[in-house]
Amino acid sequence: DAKTTQPPSMDCAEGRAANLPCNHSTISGNEYVYWYRQIHSQGPQYIIHGLKNNETNEMASLIITEDRKSSTLILPHATLRDTAVYYCIVPPLLPSNTGKLIFGQGTTLQVKP
Amino acid sequence: DTGVSQDPRHKITKRGQNVTFRCDPISEHNRLYWYRQTLGQGPEFLTYFQNEAQLEKSRLLSDRFSAERPKGSFSTLEIQRTEQGDSAMYLCASRQGQGQNIQYFGAGTRLSVL
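Take a look at the structure:
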């Protein structure tokens, strides 16, 4: 399984960009990087995913390094409602591609007024 | 609301009792997952269904745990002879059979074993 490493916590000022890093140095060539977040007392919520190109959707941008060993999730204008635990996940393709998500500890993002 | 429903939202039981949780996935999703989350930890995978077939079980799923998805729609997770260590949030997620691995999670069932 491709393990991911994230900082345990980060702070961000409301209205500023939040940049959340993730290391996944053992990722294999066809494994995707997924980001989910979990707001307190809710189930996890999908944010964005990517393989090798940078991706953007209405929630966030994902920047993946050329060697694919790390990525950064960017919330361009963080709001108080973005306070959550953010998980960077690389679902394993082997031994069976069931799509199970392996969550680490994630990064607790605190957005402050 | 993600479209995935879990019932009940909270369950308090005494040690040794059996409990059953239900998950109703998004109707067109044929893949269903159960996860368990303890306080301060990320969710941990328990088991996976594709339609009615249970195709993967984690080692976390001891023989006191059983999951079913009899008609490939809703799923149940039963815990027999509950222990205090079973206290956790039990999360269900579903996704489409094809395409990307975007899972939609329910709000979870919080189990407290006294």
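Residue numbers (my numbering), protein chains in the order written: chain C, 1 to 113; chain G, 114 to 227. Backbone N, C-alpha and C define an ideal beta-carbon position, used for all residues, glycine too.
In terms of Cβ geometry, G/E157 and G/Q209 do not form a close pair [threshold 8 Å]. G/Y217 and C/Y36 have their C-alpha atoms spaced approximately 10 Å apart. The Cβ of G/E169 sits closer than 8 Å to at least one Cβ of chain C. For C/Y34, the residues of chain G that pass the 7 Å Cβ criterion are N214, in the order they occur in the chain. Bridge pairing for C/H49: C/Y34 [DSSP]. Between C/I74 and C/I89, the C-beta gap is not smaller than 8 Å, which leaves the two residues out of contact. Annotation: C/L20 has no Cβ neighbours in chain G at a cutoff of 8 Å; minimum Cβ distance is about 15 Å. Inter-residue distance for C/N23 and G/L227 is about 40 Å (C-alpha atoms, whole angstroms). The beta carbon of G/R149 is closer than 8 Å to those of P156, E157, L159, L173, A201, M202, Y203 and L204 in its chain, skipping five residues each way along the sequence. When rounded, the separation of the alpha-carbon atoms in C/T79 and C/E55 is 21 Å. For chain C, the residues of the segment 187 to 217 of chain G that bring a beta carbon within less than 9 Å of one of its beta carbons are M202, L204, C205, A206, R208, Q213, N214, I215, Q216 and Y217, in chain order.
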